[in-house]
Amino acid sequence: MEFDGRLLHCPANLLPLSPVTFLKRAAALYGGRTSIIYGTRAFTWADTYCRCLKLASALVHHFHVSPGDLVAAMAPNIPEIYELHYAVPMAGAIISPLNTKLDSATLALLLHQLRPKIIFVDSQFLPILLQSLSQNNANSIKPAAVVIVIPTGPPEVPTYDGVLAMGSD
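So in full-length UniProt numbering the end of the sequence shown lands on 169, straight run, no missing numbers.
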């Protein structure tokens, strides 16, 4: 039997597309194989899946991210961004990558329109993000947290690894 005149009617053609589904399948089939290499860091598909589950758990249970909430991220293509692209949908939220080339006024306007619940920012972009949050049209923007993507930082500043440690798989 055909579906829509072109595709066979079978379970594979009726599944919704989701990055979460892709990651779960890759972890199940290729768990021990490398999913990402970045400098000296390497993760398997099983590692990536576990890290994403922990991050999603932390978003939901510690930052109270709910379905439909927006999580913004301003960072280059690093493993943390890769994981956020899976973990945020796992939490039922929407990820909004922010262009790292934006000036502070444009970023302020964008943040005002997006109203993200949490912003993940690479430390190199923290100054422009803070400048954007302090501008007039962004004064009403009060994200629950700004998480800095660095291994360690001052105790009062949430870091990516600290958030990851809050979660459970």
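We treat Cβ as the ideally placed atom computed from N, Cα and C, and that holds for glycine.
What are the residues that DSSP puts in a beta bridge with aspartate 69? Walking along the sequence shown from the start, residue 69 turns up at place 69. According to DSSP, which records beta bridges pairwise, aspartate 69 is partnered with nothing at all.
Anyone know if the C-beta pair for threonine 48 and glutamate 83 falls short of 8 Å? Numbered from 1 along the sequence shown, position 48 holds the residue referred to as residue 48. Numbered from 1 along the sequence shown, position 83 holds the residue referred to as residue 83. Contact annotation: threonine 48 and glutamate 83 have beta-carbon atoms nearer than 8 Å.
Output needed for threonine 106: all residues of its chain with C-beta closer than 7 Å, excluding positions within five of it in sequence on either side, in chain order. Residue 106 sits at position 106 when you count from the first residue of the sequence shown. Non-local beta-carbon contacts of threonine 106 in its own chain, meaning distances under 7 Å to residues more than five positions away in sequence, are absent.
Just list the beta strand (DSSP E) runs in the UniProt domain "AMP-dependent synthetase/ligase" (24 to 131), keeping only unbroken ones of 3 residues or longer that don't cross its boundaries, in chain order. Given a length threshold of 3 residues, each whole run of the beta strand (DSSP E) inside the UniProt domain "AMP-dependent synthetase/ligase" (24 to 131) is given here in chain order: 34 to 38, 41 to 44, 70 to 74, 94 to 97, 118 to 122.
Looking at the unbroken alpha helix (DSSP H) that takes in alanine 12, where does it start and where does it end? Along the sequence shown, one-based indexing puts residue 12 at 12. Following the DSSP letters along the chain, one finds alanine 12 in no alpha helix (DSSP H), marked with neither H nor E.
Going by DSSP, what residue range makes up the beta strand (DSSP E) through alanine 145? In the sequence shown, residue 145 corresponds to position 145, counting from 1. Segment 145 to 149, the beta strand (DSSP E) holding alanine 145.
Going by the CB atoms, is the gap between tyrosine 86 and valine 20 shorter than 8 Å? Numbered from its first residue, the sequence shown carries residue 20 at position 20. Numbered from its first residue, the sequence shown carries residue 86 at position 86. When the beta-carbon positions are compared, valine 20 and tyrosine 86 come within less than 8 Å of each other.
Would you call aspartate 169 buried or exposed, if buried means 16 or more other Cβ atoms sit within 10 Å of its Cβ? The residue labelled residue 169 in the question sits at position 169 within the sequence shown. Exposed, since its Cβ has fewer than 16 Cβ neighbours within 10 Å.
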